[in-house]
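A.B. asks:
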Amino acid sequence: MMPGPHFEQREKLGSTDWVSVTTNDGKKYYYNTKTKSSSWQIPTEVTELRKKQDGDILKEQPMSVPNTNILTEKGSAPFSLSTPAVNTGGRDATALRTSGLQGSSSALDMIKKKLQDSGDPVTSAQVPGPSGAVASDLNGSRAVEGGVKGPQSDNNKDKLKNVNIDGNLSDSSSDSEDADSRPTKEECIIQFKEMLKERGVAPFSKWEKELPKIVFDPRFKAIPNYSARRTLFEHYVRTRAEEERKEKRAAQKAAIEGFKQLLEEANEDIDHTTDYHTFRKKWSNDPRFEALDRKEREIVLNERVIPLKRAAEEKSQAIHAAAAFGFKSMLRDRDITPTSRWSKVKDSLRNDPRYTSVKHENREVLFNEYISELKSVKEEAERVAKAKREEEDKLKERERAMRKRKEREEQEVERVRSKARRKEAVESYQALLVETIKDPQVSWAESKSKLEKDPQDRASNPCLDQSDLEKLFREYVKILHERFAHEFRALLSEAITAEAAVQETEDGKTILTSWSTAKRLLKADPRFTRMPRKERESLWRRHVEEIQRRQKKAFDQEEKKHTEARSRAPVDSGNYLAGSKRSHDRRELISTRYHNLN
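The sequence shown lines up with residues 21 to 618 when you count with the working numbering.
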């Protein structure tokens, strides 16, 4: 099915089931009211109908062919009243009818005039198509581009071939006559881009979509091959968006410059009181005013008026400040104190010009401001004196705090040094223990004499007393014992496993049932010899108990599974007895293996 834009016109095509639909964008396609199908190509039934109509018209109007020859003699390309590019409809026919070619339109007008002079009516079927050269170019573009596809009848192909031959002859004769005036390659490219712009080709538009708009323009054919046309088209649509933005910015800049020029000319009418409405009343008819939108006009006008307003405000503020300064100087000269009252002193000030330079409503306000300033000065002096006293007190307090802090810092430094010395002594003594003590079963009394014989005197450091030395010794021995025990347990985990327990000696013993058997397996490993002798067997037994506990747990789980399976077994006695016997055999086997381990 074809896309469905809103259509403007439908035309029933004779006795066929087809309707010609012209869309609102000028394209044309065919719709079958019976099969509900659409096509850009002319259906076979419509082609046959139009061929029949063309034959009837040619019989009635024999002047059509001579008219074509007349046009050829005048330098235009030959035309045929049955040219398929017009009569076949579709997007191509629409493009032909809406094309802006000057040569084609003049040829059409001449043919219509001749037909009217002969007394025959001009119908839509008699409207000649474009020149043979343009039709040839259109068909050639379609063959390469794959734009509009579909089978054509042999009759139409023959007609197109004849038209192309005539067009080529006409083109060749025209080329020989106008060889010197032919535009250069650069001019053709420029004209091609101007054509795209005039035809309204949008940025990022598709070649297939825009082709019907441009294919019949002479500037399209001025670019000789398809790849060059498409390359220029693709480059144009890629760069057109940026060009439009540049054009828009340039137009906006020109409009702003024009409006600024208008403001310069209207400079005498602009002051700090001017607003947009006042300016518009006088200058709204100027084209430079209308060229810019309202928002931009207001912005540019404000750029001109705001500095004037600011200058006027600054001038007014300067005048007011000078009058206020003179008024307060007058009050200062009259020895006004913070306790003075305006009602009592104003009569004595009337004759002073600095009094009259201030507006009536501002005089008392300035007087009260001056009184407030006097009070502020007095309060500031008191505050400064108080701050000075407080600063002296703070300075004394700061000196006391500094002395205390210095004492604390000295104590902290000494504590840190003592801690560092003790840490160094502990590390040295621990290094001595690592070098000397190898047996975790040795006692403190036995080791003390060995440690005191150290040539570096690491066992007699003044930072460590005897209790510290003994405590560090016992901590080291404990860590050493735990490390050996951990290594021995790792050895048991590697060597004493449930899989190894299956292997029995000649006397029927295994590594899980006999310590001597396990000892023979383990004694070659240095982790066995490092472990104290009296603890080896106890660790082995705990390891064996753990293995047996895991095996018993696995056995219980297996027993539970069989019990649940037996409870879910069917009531059928035969199946039940067979299942019961198999379950009993499995339990016997597991029980035997478990007792052998124990």
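Where is the CB? At the ideal position from N, CA and C, for every residue including glycine.
What residues in its chain sit with their C-beta under 6 Å from that of E65, if we drop five residues either side in the sequence?
C.D. replies: The residue labelled residue 65 in the question sits at position 45 within the sequence shown. Taken in chain order, the residues that qualify are T36.
A.B. asks: Hey, how far is the Cα of I567 from the Cα of S513?
C.D. replies: Within the sequence shown, numbered from 1, the residue matching residue 567 stands at position 547. Within the sequence shown, numbered from 1, the residue matching residue 513 stands at position 493. Each residue's Cα considered, the two are about 10 Å apart.
A.B. asks: From L532, R317 and F493, pick the residue whose C-alpha is nearest to that of L559; which is it?
C.D. replies: Within the sequence shown, numbered from 1, the residue matching residue 559 stands at position 539. The residue with the shortest Cα to Cα distance from L559 is L532.
A.B. asks: Enumerated in chain order, which unbroken segments of the alpha helix (DSSP H) with a length of 4 residues or greater are wholly contained in the segment 274 to 352?
C.D. replies: Within the segment 274 to 352, the complete alpha helix (DSSP H) runs of at least 4 residues are 296 to 303 and 307 to 310.
A.B. asks: For the segment 387 to 398 against the segment 350 to 366, do three or more pairs of beta-carbon atoms, one drawn from each stretch, fall closer than 8 Å, so that the two count as touching?
C.D. replies: The answer is yes - the segment 350 to 366 touches the segment 387 to 398, with three or more Cβ pairs under 8 Å.
A.B. asks: Roughly how many angstroms separate the alpha carbons of Y296 and R314, rounded to a whole number?
C.D. replies: As a first step, residue 296 is located in the sequence shown; it is residue number 276 there, counting from the start. As a first step, residue 314 is located in the sequence shown; it is residue number 294 there, counting from the start. Cα to Cα, Y296 sits roughly 9 Å from R314.
A.B. asks: Give me the residue from A311, V257 and N305 with the minimum Cα distance to A275.
C.D. replies: Here the question's residue 275 lines up with position 255 in the sequence shown. Residue A311 is the option with its Cα nearest to A275.
A.B. asks: Tell me whether the beta-carbon of F212 lies closer than 9 Å to the beta-carbon of R239.
C.D. replies: Walking along the sequence shown from the start, residue 212 turns up at place 192. Walking along the sequence shown from the start, residue 239 turns up at place 219. Yes. Within cutoff.
A.B. asks: On the premise that F508 lies in contact with R561, defined as a C-beta separation below 8 Å, what is that separation, rounded to the nearest angstrom?
C.D. replies: What you label residue 561 is simply residue 541 of the sequence shown in a count that begins at 1. What you label residue 508 is simply residue 488 of the sequence shown in a count that begins at 1. That pair is no contact at about 13 Å.
A.B. asks: With a 10 Å radius around its C-beta and 16 neighbouring C-beta atoms as the bar for buried, classify V436 as buried or exposed.
C.D. replies: Counting from one through the sequence shown, the residue named residue 436 turns up at place 416. Under this definition V436 is an exposed residue.
A.B. asks: Counting Cβ pairs, one atom from each stretch, are 3 or more of them under 8 Å apart for the segment 402 to 409 and the segment 362 to 380?
C.D. replies: No, because fewer than three Cβ pairs between the segment 402 to 409 and the segment 362 to 380 fall closer than 8 Å, the two stretches do not touch.
A.B. asks: Following the continuous alpha helix (DSSP H) through V462, name the residue where it begins and the one where it ends.
C.D. replies: Along the sequence shown, one-based indexing puts residue 462 at 442. Looking at the DSSP string, V462 is not in any alpha helix (DSSP H), and its letter there is neither H nor E.
A.B. asks: Using only alpha-carbon positions, find the residue among L282, Q281 and I209 that is nearest to Y256.
C.D. replies: Position 236 of the sequence shown, counting from 1, holds the residue named residue 256. Measuring from the Cα of Y256, the nearest candidate turns out to be I209.
A.B. asks: If you draw a straight line from the alpha carbon of H380 to that of L283, how long is it in whole angstroms?
C.D. replies: Locating residue 380 in the sequence shown gives position 360, counting from the first residue. Locating residue 283 in the sequence shown gives position 263, counting from the first residue. Rounded to the nearest angstrom, the two C-alpha atoms are 40 Å apart.
A.B. asks: What do you get for T53, buried or exposed, if any count of 16 or more other CB atoms within 10 angstroms of its CB means buried?
C.D. replies: The residue you call residue 53 lines up with position 33 of the sequence shown. T53 is exposed by the Cβ-count criterion.
A.B. asks: I'd like the list of long-range same chain contacts for A479, defined as Cβ closer than 6 Å, with 5 residues on each side in sequence excluded.
C.D. replies: Position 459 of the sequence shown holds residue 479. So the list reads L471 and E472, once near-sequence residues are dropped.
A.B. asks: Is DSSP giving K529 helix, strand or coil here?
C.D. replies: For the purposes of this step, residue 529 is taken as the residue at position 509 of the sequence shown. DSSP places K529 in coil when its eight states are reduced to three.
A.B. asks: Cβ atoms of L492 and L655: under 9 Å apart, would you say?
C.D. replies: Past the boundaries of the shown model lies residue 655; the chain is included only from 21 to 618, so the question cannot be answered.
A.B. asks: Do you know offhand how far T620's Cα is from E316's?
C.D. replies: Since the first residue of the chain shown is 21 and the last is 618, residue 620 is not available in this structure.
A.B. asks: Let me confirm a value: T583 is counted as buried when at least 16 other C-beta atoms fall within 10 Å, else exposed. Which label applies?
C.D. replies: Sequence index remark: in the sequence shown, residue 583 carries index 563 (1-based). Exposed.
A.B. asks: Between which two residues does the beta strand (DSSP E) containing V41 stretch?
C.D. replies: The residue you call residue 41 lines up with position 21 of the sequence shown. Looking at the DSSP string, the run of the beta strand (DSSP E) that includes V41 is W38 to T43.
A.B. asks: For V462, which option in Y496, Q450 and P475 has the closest C-alpha, if you only look at C-alpha atoms?
C.D. replies: By one-based count along the sequence shown, residue 462 stands at place 442. The shortest Cα separation from V462 among Y496, Q450 and P475 belongs to Y496.
A.B. asks: Quick check on this structure: which residue in K348, K398 and E389 has the alpha carbon closest to the alpha carbon of Y375?
C.D. replies: Translated into positions along the sequence shown, residue 375 becomes position 355. For the residues K348, K398 and E389, the minimum Cα distance to Y375 belongs to K348.
A.B. asks: Would you grab the beta carbon distance between T42 and Q29 for me? Rounded to a whole angstrom, and I think it's under 8 Å.
C.D. replies: Residue mapping note: residue 42 aligns to position 22 of the sequence shown, counting from 1. Residue mapping note: residue 29 aligns to position 9 of the sequence shown, counting from 1. The pair is a contact, with the Cβ atoms about 5 Å apart (cut-off 8 Å).
A.B. asks: Residues bridged to N52 by DSSP?
C.D. replies: Locating residue 52 in the sequence shown gives position 32, counting from the first residue. W38.
A.B. asks: If we define contact as Cβ-Cβ less than 9 Å, is D306 a contact residue for chain B?
C.D. replies: Protein chain content of the structure displayed is limited to a single chain, and chain B is not contained in it.
A.B. asks: Helix, strand or coil for S100 per DSSP?
C.D. replies: Along the sequence shown, one-based indexing puts residue 100 at 80. Here S100 scores only 34 on pLDDT, less than 50, and its place in the model is too uncertain to base an answer on.
A.B. asks: W362 and E333 - do their beta-carbons sit closer together than 9 Å?
C.D. replies: Taking the sequence shown and counting its residues from 1, one reaches residue 333 at position 313. Taking the sequence shown and counting its residues from 1, one reaches residue 362 at position 342. In this structure, W362 does not lie closer than 9 Å to E333 by Cβ.
A.B. asks: Where P552 and A505 are concerned, what is the direct C-alpha to C-alpha distance, given to the nearest angstrom?
C.D. replies: Counting from one through the sequence shown, the residue named residue 552 turns up at place 532. Counting from one through the sequence shown, the residue named residue 505 turns up at place 485. Computed Cα separation, rounded: 9 Å.
A.B. asks: Helix, strand or coil for R30? Go by DSSP, reduced to three states.
C.D. replies: Here residue 30 is taken as the residue at index 10 of the sequence shown, counted from 1. Three-state DSSP puts R30 in a strand.
A.B. asks: Report the three-state DSSP secondary structure of S59 (helix, strand or coil).
C.D. replies: Here residue 59 corresponds to residue number 39 of the sequence shown, with the count starting at 1. Of the three classes helix, strand and coil, the one that applies to S59 here is strand, per DSSP.
A.B. asks: Here's a check: name, in chain order, each residue in its chain whose Cβ is nearer than 6 Å to the Cβ of E565, leaving out the five neighbours to either side.
C.D. replies: Position 545 of the sequence shown holds residue 565. Closer than 6 Å at Cβ, skipping near neighbours: no residue.
A.B. asks: Just to confirm before moving on: does the CB-CB distance between T321 and H292 stay below 9 Å?
C.D. replies: Locating residue 321 in the sequence shown gives position 301, counting from the first residue. Locating residue 292 in the sequence shown gives position 272, counting from the first residue. According to the sequence as given, residue 321 is Leu; it is not Thr. Contact flag unset, no.
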